[in-house]
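The block underneath contains the structure these notes are about, expressed in structure tokens.
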Amino acid sequence: MRKGAKKLMQMYRVRVCGYCPEVHVGHSGHKAQNCGAHKHQQRNGQHGWQSAVLDDLIPPRYVWHVPDVDGPPLQRELRNFYGQAPAVVEICVQAGAAVPDQYKSTMRLDIGIPSSVKEAEMVV
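So for the sequence shown, UniProt numbering puts the first residue at 1; every next one is plus one.
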């Protein structure tokens, strides 16, 4: 799906509204005043068209990084200590692939994860 969308974006100009999720494929964005985003009255309902990137059309699905698949399950209370990555990257990492440099910071690989909620509360 992403490959097809990327091909479409190379052939046609794609624009996305900066205020609402509307996408326009074609030469330029339309002038219809139907943007219903927050505070649209200040713009008379005009869209804020900008060039789209692939993630605007098909946003990546981010999931929590599981440091040890065979270890204990993730605890909701400790979610601030777990990193996130796109689901495809997380699956590849769990299969043994190297972590791409662009996702190392979001996956929080350098942070120690407390073993309990009580230990997390002691962290300053």
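We treat Cβ as the ideally placed atom computed from N, Cα and C, and that holds for glycine.
Keep in mind it's a predicted model, so treat the numbers as computed, not measured.
* **As assigned by DSSP and simplified to three states, the class of Arg-76** => One-based indexing of the sequence shown puts residue 76 at position 76. Note: Arg-76 maps to helix in three-state DSSP.
* If you count every other CB in all the chains shown that lies within 10 Å of the CB of Gly-83, and 16 or more means buried, which is it? -> Walking along the sequence shown from the start, residue 83 turns up at place 83. So Gly-83 ends up on the buried side.
* Helix, strand or coil at Ser-115 according to DSSP, with G and I counted as helix -> Sequence index remark: in the sequence shown, residue 115 carries index 115 (1-based). Looking at Ser-115 - three-state DSSP - the assignment turns out to be coil, as it is neither helix nor strand.
* Asked: Taking Cβ to Cβ, would you say Gln-33 is nearer than 9 Å to Gly-45?
  -> To locate residue 33, count along the sequence shown from 1; it is residue 33. To locate residue 45, count along the sequence shown from 1; it is residue 45. In this structure, Gln-33 places its C-beta atom within 9 Å of the C-beta atom of Gly-45.
* Asked: Which whole-angstrom value describes the C-beta separation of His-65 and Met-107, a residue pair presumed to lie in contact below a C-beta threshold of 8 Å?
  -> Counting from one through the sequence shown, the residue named residue 65 turns up at place 65. Counting from one through the sequence shown, the residue named residue 107 turns up at place 107. Right, the Cβ-Cβ distance comes to about 5 Å (below 8 Å), so this counts as a contact.
* Cα separation between Lys-104 and Ile-111? -> The sequence position of residue 104 within the sequence shown is 104, counting from 1. The sequence position of residue 111 within the sequence shown is 111, counting from 1. Taking the straight line joining both Cα atoms gives about 11 Å.
* **Residue environment, Val-25, which counts as buried when at least 16 other CB atoms sit within 10 Å** => Taking the sequence shown and counting its residues from 1, one reaches residue 25 at position 25. Looking at its Cβ environment, which holds fewer than 16 other Cβ atoms inside 10 Å, Val-25 is exposed.
* Asked: If you compare alpha carbons, which of Val-16, Pro-67 and Lys-31 is closest to residue 153?
  -> Beyond the ends of the chain as shown, which are 1 and 124, falls residue 153; an answer cannot be given.
* Shortest alpha-carbon distance to Arg-79 belongs to which of Arg-2, His-38, Val-88 and Pro-114? -> On the sequence shown, residue 79 is found 79 positions in, with the first residue counted as 1. Ranking the options by Cα distance to Arg-79, first place goes to Pro-114.
* Range of the contiguous beta strand (DSSP E) that encloses Ala-85 -> Along the sequence shown, read from residue 1 onward, the residue named residue 85 stands at position 85. Element bounds for Ala-85: 84-86.
* Following the continuous beta strand (DSSP E) through Gln-50, name the residue where it begins and the one where it ends. => Taking the first residue of the sequence shown as position 1, residue 50 is located at position 50. Its beta strand (DSSP E) spans residues 49-51.
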